[in-house]
Amino acid sequence: EQPEVKEITNELLKQLQNALKSNAHFTEQVGLSLKGIVRILEVLLSLDFFKNANEIDSSLRNSIEWLSNAGESLKSKMKEYERFFNDFNTSMRANEQEVT
1 EQPEVKEITN ELLKQLQNAL KSNAHFTEQV GLSLKGIVRI LEVLLSLDFF KNANEIDSSL
61 RNSIEWLSNA GESLKSKMKE YERFFNDFNT SMRANEQEVT
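Numbering (the UniProt record's numbering), first residue to last: 1 to 100.
So this is what it looks like as structure tokens:
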């Protein structure tokens with residue numbers, strides 16, 4: 001398909017250049033320009049990247065959300081461990097005072 005795209009594009013550019021050089025009708029120049037724009041859009045839309053852009057975006061959003069949730073879960077666990085060790089240290093100090 002690539003040679004065909006290049007061939008069509010080259011032909012379109014030649015037609016546009018000829019129309020501009022000969023000061024042909026303005027409508028012909030505009031028409032050829034519009035055909036060129038349409039062709040560019042067709043090529044861009046045929047690229048897999050643009051076809052899969054929504055899927056990629058959705059996947060990235062899901063990954064970011066998962067990481068954010070995992071981070072919040074980790075923060076929660078860290079606070080839980082901090083409370084546990086604070087309670088443990090308080091208990092150990094109380095036991096130490098009872099022993100001495």
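Quick reminder that beta carbons are idealized off the backbone N, C-alpha and C, glycines included.
On a predicted model such as this, the values are computed, not experimentally measured, just so you know.
Check                                                                                                                                                              : Outcome
Buried or exposed: which applies to L32, given that a residue is buried once 16 or more other Cβ atoms fall within 10 Å of its Cβ?                                 : buried
Would you tell me roughly how many angstroms separate the C-alpha atoms of V99 and F85, rounded to the nearest one?                                                : 21 Å
Is it right to say A53 is buried, meaning 16 or more other beta carbons lie within 10 angstroms of its own, or is it exposed?                                      : exposed
Going by beta carbon distance, what residues of the same chain come within less than 8 Å of residue 108, once the five residues before and after it are set aside? : Given a span of 1 to 100 for the chain in the structure shown, any question on residue 108 remains unanswerable.
Thinking C-beta only, is R39 closer than 9 Å to L12?                                                                                                               : yes
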